[in-house]
Structure formats: structure tokens, C-alpha cells
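Numbering (the numbering used here), first residue to last: 6 to 67.
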Amino acid sequence: MNTQLDPLISEFDTQEQADSYDRWFRGKVQEAMDSDKPALPHSEAMAKLDRLMAERRRQRIE
């Protein structure tokens, strides 16, 4: 199952690579869903990312 994929349609070279990534990604999603860690509200996550990006921009300017 080493079918070559069209680069205009897929970022993967072969179907095997695409399937491997899909299994990995689904595993990570399931791991997150099964986690006991408290959920992070979207607004809080975005605020954290905004702070990180602003800090990186400041570092580039200096």
C-alpha cells in the first residue's frame, strides 16, 4: 500500500504516510479527550497565544 499521492491533493508522498499520520493524529486527539487535565476555555487559550506572539514580535524588533 505504497500508493503515490498527487502533490496537488495531499501533503504526503504516499498513502502509507497519510495513513500513519492519520493514526498518530487520531491517537493524540483521543489522548486529549481522555485527559484528566482541566479544560482551557477558548478565550483563555487565545489570550495566551496572543501574549506569546506579542512577545516574539518584541524579540524580533530588539
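Note that beta-carbon positions come from the ideal geometry of N, C-alpha and C, so glycine has one too.
So who's on the other strand from residue 8, going by DSSP bridges?
-> Looking at the DSSP assignment, residue 8 forms no beta bridge with any residue, so it has no partner.
Leaving out five residues before and five after residue 52 in sequence, what residues of the same chain have Cβ atoms less than 6 Å from its Cβ?
-> none
Rounded to whole angstroms, how far is the Cβ of residue 23 from the Cβ of residue 13, which I believe are closer than 8 Å?
-> Residue 23 to residue 13, Cβ: 14 Å. No contact.
Alpha carbon of residue 60 to alpha carbon of residue 35, nearest angstrom = 32 Å
Distance between beta carbons of residue 7 and residue 21, contact taken as under 8 Å = 5 Å
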